[in-house]
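J.:
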Amino acid sequence: MVQLYILNPVQKLRLLARMWFRGSKPSLLDVDASPLASVQEPSLNAPESARISQEGSYRRPAKLPAQAQVFLPSNQHVTPRHDPDYYPSDAEGRFCTFLVENTLFRVHRCYLLRESSVFADMFSLPQPQDRLDGTSDATAIRLSDTADQFRDLLWALYSPPSRLCLYTRSNQGELSLERLLNIAEISIKYCITSYEDWATERLYQLAQEPASFLRSAPATKCARVLNVAVLSDHKKLQKVVEKRLISRILWSNMDSVAPILQVAEHHDLRRLKGAAYYRELISLDAVRSSEDPRQTPPDCPRNYPSFSSISNPAQRKAMCGAHLALSTVCQELPGNIPKFDARLCPLHDQCLEEWSKAWRDAALEVEEEYRGSTADVLGRLRATMVLLRKSLPELNGMSVSCTLAALEAIDAMRDGMVDELADYFRVD
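Position 347 (the sequence shown) corresponds to 346 in numbering that gives the first Met the number 0; numbering is contiguous.
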């Protein structure tokens, strides 16, 4: 029986197709004439990819030996070598056990070794052979994170990249704010850069929305987002978070600014610290020292509120000094007229005269409303702006250009005051 040995399976299929369409069996002369096939006598030792009998039947090749051999045209046999990039070691295919709080996690090492991280460095350290950490429940590696944080990290590690890319601003799905924060925080901690970038970018998209979570989320969660933005050095996210938190702290009723103030002090975020200090100053239940002299601390001036609820002497002194300085600014507010320049107005001097009178009248009217809060300068500025927005268009002595410039001057005065708030709370 003559058997054919075909090296290339594609050529074998072409030969069979040619045989079928000719309608007759090929002869040995036809096979020899083909430069794409060779005829060999059957050998029991040579590895064969396919065997074709004269009847055209297919016989499965014999079982390969344990040591695979490579067939070369020169009839030389060499041992295959391991590809340095795509033949991982057995260690990367094993599991690693972690103990987080009271929960055991068994994780594929390959998912933790996909990129440079603290886990990759940890696995590269030498360990004693009699006790390998993470190989069993008894030798589980203890982590100081919460079980929810580590579970959310594993959710991200085990998710295909194509799945993570599907989560957008309009399609959040199961990607909640808490999960994003957990992934971002633990990725920053363990230096998993790719997931840190992915999580912070998703947070940035959510923070940009008009109805952002920064407008309604608890202060603790907002503080976590701020901390992630600073630690990851995401400047755009940090700018958006600071801007919206300052606006919320100053102009809305926030449950507590203590978590945000703690993060701002830790990272020395000056503008945010000033807004948080100012909010604490206005919201504290101050008691007039003249009403109960026994509650007046020695470092607070008389006739000004005592901050007996503050136990730290340095903080109490800073609050007293800031209250004194801001009260002085409030008293001088009617005479501190915002300046503006409108060179295109031909009656600019007349507009300035009308503007000065309107400002003083509005500031004095607001002073009566805020008589019980002697240090709320930002509240006075805001109330004055509201009054002037209604009264200035009705004035016949001011042009439209000067009216718009005057309102912009009030905005600039308020923003400058917000920038300088931290300076009022310094302790020399």
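Don't be surprised by glycine CBs; every beta carbon is placed ideally from N, CA and C. This one's a predicted model, so the numbers in the text were calculated from it and none came from an experiment.
1. Can you check which of these residues, L180, S255 and I140, is closest to S215 by C-alpha distance?
2. Thinking R270 and C329 are a contact (beta carbons under 8 Å), I'd like their distance in whole angstroms, please.
3. I need the straight-line Cα distance from E47 to T78, nearest angstrom please.
4. Return the residue from the list Q126, R359, Y189 and I182 that minimises the CA-CA distance to E200.
5. Measure the alpha-carbon distance for K242 versus R105 and round it to whole angstroms.
6. What residue ranges within the segment 184–271 form continuous alpha helix (DSSP H) runs of no fewer than 4 residues, ordered along the chain?
7. Measuring straight from C-alpha to C-alpha, what distance separates R247 and N101?
8. Counting along the chain, where does the beta strand (DSSP E) carrying L142 start and finish?
9. Check the Cβ-Cβ distances between T373 and every residue of chain D, and say whether any is below 8 Å.
10. Around the C-beta of S186, are 16 or more other C-beta atoms found within 10 angstroms, so that it is buried, or is it exposed?
11. In whole angstroms, what separates the C-alpha of T402 from that of S158?
12. Which of helix, strand or coil does DSSP assign to P25?
13. Grab the span of the alpha helix (DSSP H) containing L163 for me, first residue to last.
14. Does the separation of the CB atoms of I191 and C221 fall below 8 Å?
15. Can you round the beta-carbon distance between E279 and K272 to whole angstroms, since I take them to be within the 8 Å contact cut?
16. Would you call the CB atoms of V229 and H266 closer than 8 Å?
17. For W197 and Y277, I'd like the C-alpha separation in whole angstroms.
18. Using a Cβ-Cβ cut-off of 7 Å (strictly less than) and excluding sequence neighbours within five positions of K338, which residues of its own chain qualify?
19. How would you call V399, buried or exposed, if buried means at least 16 neighbouring beta carbons within 10 angstroms?
20. Just the C-alpha distance for P297 and Q237, rounded to the nearest angstrom, thanks.
21. Consult DSSP for T402 and reduce its assignment to one of helix, strand or coil.
22. Determine the closest residue to P217 out of M253, R413 and E353, with distance taken between C-alpha atoms.
23. Which term fits W354, buried or exposed, when burial requires 16 or more other beta carbons within 10 angstroms of its beta carbon?
24. What's the gap between the Cα of V227 and the Cα of L180?
25. So, for D414: in the same chain, excluding its five sequence neighbours on each side, which residues have a beta-carbon less than 7 Å away from its beta-carbon?
26. Using only alpha-carbon positions, find the residue among L420, C344 and L249 that is nearest to A381.
27. Give me the Cα-Cα distance between R178 and F212, rounded to the nearest whole angstrom.
28. Would you call V117 buried or exposed, if buried means 16 or more other Cβ atoms sit within 10 Å of its Cβ?
29. If I measure Cβ to Cβ from W358 and keep anything under 6 Å in the same chain, skipping five residues before and after, which residues do I get?
30. Roughly how many whole angstroms lie between the Cα atoms of V239 and D422?
31. Taking only three categories from DSSP, how would you classify C344?
32. In the DSSP assignment, the beta strand (DSSP E) including T96 goes from what residue to what residue?
33. Is R359 helix, strand or coil by DSSP?
34. Put T102 into one of helix, strand or coil per three-state DSSP.
35. What are the residues that DSSP puts in a beta bridge with H107?
36. Between L156, D120, R141 and R425, which has its C-alpha nearest A313's C-alpha?
T.: The short version:
1. The residue given as residue 215 occupies position 216 in the sequence shown. Considering only alpha carbons, the answer is S255.
2. The count along the sequence shown starts at 1 and reaches residue 270 at position 271. The count along the sequence shown starts at 1 and reaches residue 329 at position 330. Between C329 and R270 the Cβ distance is about 21 Å, and since that is not below 8 Å, they are no contact.
3. Taking the first residue of the sequence shown as position 1, residue 47 is located at position 48. Taking the first residue of the sequence shown as position 1, residue 78 is located at position 79. The predicted position of E47 is uncertain, since its pLDDT is 45 and thus under 50; a value taken from the coordinates is nonetheless stated next. Approximately 18 Å between the Cα atoms of the pair.
4. Walking along the sequence shown from the start, residue 200 turns up at place 201. The shortest C-alpha separation from E200 is found at I182.
5. Locating residue 242 in the sequence shown gives position 243, where the first residue counts as 1. Locating residue 105 in the sequence shown gives position 106, where the first residue counts as 1. One C-alpha to the other measures close to 42 Å.
6. 192–206, 218–230, 234–250 and 257–266
7. Counting from one through the sequence shown, the residue named residue 247 turns up at place 248. Counting from one through the sequence shown, the residue named residue 101 turns up at place 102. Between R247 and N101, the C-alpha separation is close to 38 Å.
8. Position 143 of the sequence shown, counted from the start, is the residue given in the question as residue 142. It spans I140 to L142 - the beta strand (DSSP E) in which L142 sits, taken as one unbroken run.
9. Looking at the structure shown, chain D is missing, and only one protein chain is on hand.
10. Taking the first residue of the sequence shown as 1, we reach residue 186 at position 187. With 16 or more other Cβ atoms within 10 Å, it is buried.
11. Within the sequence shown, the letter at position 403 stands for residue 402. Within the sequence shown, the letter at position 159 stands for residue 158. Cα to Cα, T402 sits roughly 57 Å from S158.
12. Residue numbering aside, residue 25 sits at position 26 when the sequence shown is read from its first letter. Note that P25 scores 45 on pLDDT, short of 50, meaning its location in the model is unreliable and no value can be drawn from it.
13. Mapped onto the sequence shown, residue 163 falls at position 164. Looking at the DSSP string, the run of the alpha helix (DSSP H) that includes L163 is P160 to L163.
14. Along the sequence shown, read from residue 1 onward, the residue named residue 191 stands at position 192. Along the sequence shown, read from residue 1 onward, the residue named residue 221 stands at position 222. Against a cut-off of 8 Å, the Cβ pair of C221 and I191 comes out as no contact.
15. Within the sequence shown, residue 279 is the residue found at index 280, counting from 1. Within the sequence shown, residue 272 is the residue found at index 273, counting from 1. That belief does not hold up - the Cβ atoms of E279 and K272 are roughly 11 Å apart, past 8 Å.
16. Here residue 229 refers to the residue found at position 230 of the sequence shown. Here residue 266 refers to the residue found at position 267 of the sequence shown. The answer is yes: Cβ separation under 8 Å.
17. Walking along the sequence shown from the start, residue 197 turns up at place 198. Walking along the sequence shown from the start, residue 277 turns up at place 278. Distance between the alpha carbons of W197 and Y277 is about 35 Å.
18. Start at 1 with the first residue of the sequence shown, and residue 338 comes out as number 339. Result list for K338: A408, in chain order.
19. For the purposes of this step, residue 399 is taken as residue 400 along the sequence shown, with counting starting at 1. Exposed, because fewer than 16 other Cβ atoms sit within 10 Å of the Cβ of V399.
20. In the sequence shown, the residue the question calls residue 297 occupies position 298. In the sequence shown, the residue the question calls residue 237 occupies position 238. With a pLDDT of 48 at P297, under the threshold of 50, the modelled position of that residue is not reliable, and no figure is offered here.
21. As a position in the sequence shown, residue 402 is number 403, starting the count at 1. Three-state result, T402: helix.
22. Residue mapping note: residue 217 aligns to position 218 of the sequence shown, counting from 1. Nearest option by C-alpha distance: M253.
23. Residue mapping note: residue 354 aligns to position 355 of the sequence shown, counting from 1. The residue in question, W354, is buried, as its Cβ has 16 or more Cβ neighbours within 10 Å.
24. As a position in the sequence shown, residue 227 is number 228, starting the count at 1. As a position in the sequence shown, residue 180 is number 181, starting the count at 1. Going from the Cα of V227 to the Cα of L180 covers about 8 Å.
25. Taking the sequence shown and counting its residues from 1, the one referred to as residue 414 is at position 415. Hits under 7 Å: none found.
26. Residue mapping note: residue 381 aligns to position 382 of the sequence shown, counting from 1. Here the sequence assigns Arg to residue 381, which means Ala is not the residue at that position. Ranking L420, C344 and L249 by Cα distance to R381 puts L249 first.
27. In the sequence shown, counting from the first residue as 1, residue 178 sits at position 179. In the sequence shown, counting from the first residue as 1, residue 212 sits at position 213. Cα to Cα, the separation comes out at about 14 Å.
28. Counting from one through the sequence shown, the residue named residue 117 turns up at place 118. Classification for V117: exposed.
29. As a first step, residue 358 is located in the sequence shown; it is residue number 359 there, counting from the start. Counting only Cβ-Cβ distances below 6 Å, and skipping sequence neighbours, we find I336.
30. In the sequence shown, counting from the first residue as 1, residue 239 sits at position 240. In the sequence shown, counting from the first residue as 1, residue 422 sits at position 423. Taking the straight line joining both Cα atoms gives about 23 Å.
31. Working through the sequence shown from its first residue, we reach residue 344 at position 345. Residue state, collapsed to three classes: coil.
32. Taking the sequence shown and counting its residues from 1, the one referred to as residue 96 is at position 97. Here the beta strand (DSSP E) through T96 covers F94 to V99.
33. For the purposes of this step, residue 359 is taken as residue 360 along the sequence shown, with counting starting at 1. If DSSP states are grouped into helix, strand and coil, R359 belongs with the helices.
34. Taking the sequence shown and counting its residues from 1, one reaches residue 102 at position 103. In this structure, T102 counts as strand in the three-state DSSP scheme.
35. Taking the sequence shown and counting its residues from 1, the one referred to as residue 107 is at position 108. Note: H107 sits in a beta bridge opposite F94.
36. Position 314 of the sequence shown holds residue 313. Nearest option by C-alpha distance: R425.
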